[in-house]
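Below: one structure, written as C-alpha coordinates.
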Amino acid sequence: RLAGSLARRDGERVRVFLIGDAAACAKAGQQVPQGYYNLELMLRSVARRGGEIGVCGTCMDARGITDAELAEGCRRSTLDELTDWTQQAERVLVF
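Position one of the sequence shown corresponds to residue 2 (this note's numbering), numbered consecutively onward.
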(Lines of atoms letter the chains of each structure in order from A; the text may use other names.)
(Lines give C-alpha, C1' and ligand atoms only; values in the text may rest on other atoms or scores of the structure.)
Protein backbone atom coordinates (compact mmCIF):
# COMPACT_ATOMS: atom_id res chain seq x y z
CA ARG A 2 0.00 0.00 0.00
CA LEU A 3 2.88 2.36 0.73
CA ALA A 4 4.37 1.75 -2.73
CA GLY A 5 1.01 2.65 -4.28
CA SER A 6 0.75 5.82 -2.22
CA LEU A 7 4.29 6.89 -3.14
CA ALA A 8 3.71 6.10 -6.82
CA ARG A 9 0.77 8.55 -6.84
CA ARG A 10 3.02 11.42 -5.75
CA ASP A 11 4.73 13.62 -8.32
CA GLY A 12 8.47 13.27 -8.48
CA GLU A 13 8.68 9.97 -6.60
CA ARG A 14 10.43 7.01 -8.21
CA VAL A 15 9.16 3.69 -6.89
CA ARG A 16 10.88 0.36 -7.39
CA VAL A 17 9.63 -2.83 -5.75
CA PHE A 18 11.75 -5.99 -5.65
CA LEU A 19 9.96 -9.18 -4.66
CA ILE A 20 12.22 -11.85 -3.18
CA GLY A 21 11.60 -15.21 -1.49
CA ASP A 22 7.94 -16.07 -0.95
CA ALA A 23 7.02 -12.52 -2.02
CA ALA A 24 7.65 -13.65 -5.62
CA ALA A 25 4.23 -15.33 -5.50
CA CYS A 26 2.63 -11.90 -5.01
CA ALA A 27 3.40 -11.14 -8.66
CA LYS A 28 1.54 -14.17 -10.04
CA ALA A 29 -1.29 -13.28 -12.40
CA GLY A 30 -4.82 -14.58 -11.91
CA GLN A 31 -5.00 -14.47 -8.14
CA GLN A 32 -8.35 -15.48 -6.65
CA VAL A 33 -8.41 -13.59 -3.36
CA PRO A 34 -11.20 -14.07 -0.81
CA GLN A 35 -13.40 -11.06 -0.19
CA GLY A 36 -11.86 -8.74 2.36
CA TYR A 37 -8.25 -9.65 1.52
CA TYR A 38 -5.79 -7.50 -0.42
CA ASN A 39 -5.29 -8.51 -4.05
CA LEU A 40 -1.56 -7.96 -4.37
CA GLU A 41 -1.64 -8.53 -8.13
CA LEU A 42 -3.94 -5.53 -8.54
CA MET A 43 -1.88 -3.45 -6.14
CA LEU A 44 1.35 -4.18 -8.04
CA ARG A 45 -0.31 -3.41 -11.38
CA SER A 46 -1.42 -0.06 -9.98
CA VAL A 47 2.16 0.80 -8.99
CA ALA A 48 3.41 -0.21 -12.45
CA ARG A 49 0.71 1.86 -14.22
CA ARG A 50 1.98 4.91 -12.34
CA GLY A 51 5.53 4.34 -13.58
CA GLY A 52 6.82 2.14 -10.79
CA GLU A 53 9.11 -0.77 -11.57
CA ILE A 54 8.35 -4.24 -10.22
CA GLY A 55 11.22 -6.71 -10.26
CA VAL A 56 10.75 -10.32 -9.21
CA CYS A 57 13.71 -12.46 -8.15
CA GLY A 58 14.21 -14.96 -10.98
CA THR A 59 15.76 -17.62 -8.73
CA CYS A 60 12.81 -17.28 -6.34
CA MET A 61 10.37 -17.60 -9.25
CA ASP A 62 12.08 -20.78 -10.41
CA ALA A 63 12.03 -22.25 -6.90
CA ARG A 64 8.26 -21.68 -6.74
CA GLY A 65 7.49 -22.88 -10.26
CA ILE A 66 6.45 -19.43 -11.52
CA THR A 67 7.18 -18.74 -15.19
CA ASP A 68 7.66 -15.36 -16.85
CA ALA A 69 4.34 -15.86 -18.65
CA GLU A 70 2.56 -16.17 -15.29
CA LEU A 71 3.69 -12.78 -14.00
CA ALA A 72 1.13 -10.03 -13.54
CA GLU A 73 1.08 -7.09 -15.91
CA GLY A 74 3.89 -4.69 -15.08
CA CYS A 75 5.99 -7.29 -13.25
CA ARG A 76 9.13 -8.81 -14.72
CA ARG A 77 11.87 -11.30 -13.90
CA SER A 78 14.84 -9.63 -12.27
CA THR A 79 18.16 -10.45 -10.62
CA LEU A 80 20.08 -9.77 -7.46
CA ASP A 81 22.47 -7.68 -9.57
CA GLU A 82 19.59 -5.39 -10.52
CA LEU A 83 18.50 -5.14 -6.89
CA THR A 84 22.06 -4.17 -6.03
CA ASP A 85 22.02 -1.44 -8.70
CA TRP A 86 18.65 -0.14 -7.49
CA THR A 87 19.93 -0.05 -3.91
CA GLN A 88 23.08 1.88 -4.83
CA GLN A 89 21.09 4.41 -6.89
CA ALA A 90 18.34 4.99 -4.32
CA GLU A 91 18.03 7.94 -1.97
CA ARG A 92 15.99 5.76 0.39
CA VAL A 93 15.50 2.01 0.72
CA LEU A 94 12.57 0.55 2.64
CA VAL A 95 12.57 -3.14 3.49
CA PHE A 96 9.49 -5.08 4.57
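C-beta: ideal position from N, C-alpha, C; glycine also. Owing to the predicted nature of the structure, the values given are computational and were not obtained by experimental measurement.
Does the Cβ-Cβ distance between residue i and residue j come in under 7 Å?
{"i": "residue 27", "j": "residue 64", "result": "no"}
{"i": "residue 56", "j": "residue 19", "result": "yes"}
{"i": "residue 92", "j": "residue 53", "result": "no"}
{"i": "residue 42", "j": "residue 75", "result": "no"}
{"i": "residue 50", "j": "residue 90", "result": "no"}
{"i": "residue 60", "j": "residue 21", "result": "yes"}
Starting from the C-beta of residue i, find all residues in its chain whose C-beta is less than 6 Å away, skip the five residues before and the five after it, and write them out in chain order.
{"i": "residue 68", "result": "77"}
{"i": "residue 4", "result": "15, 17, 47"}
Short of 7 Å in beta carbon distance, which residues of its chain neighbour residue i, apart from the five on each side in sequence? Order them along the chain.
{"i": "residue 86", "result": "16, 18"}
{"i": "residue 39", "result": "31, 33"}
{"i": "residue 11", "result": "none"}
Hey, could you find the ends of the beta strand (DSSP E) residue i is sitting in?
{"i": "residue 55", "result": "53 to 57"}
In the DSSP assignment, the alpha helix (DSSP H) including residue i goes from what residue to what residue?
{"i": "residue 83", "result": "80 to 89"}
Contact between the region 31 to 40 and the region 73 to 89 is defined here as three or more beta-carbon pairs at a separation below 8 Å; is this criterion met? Short answer: they don't touch.
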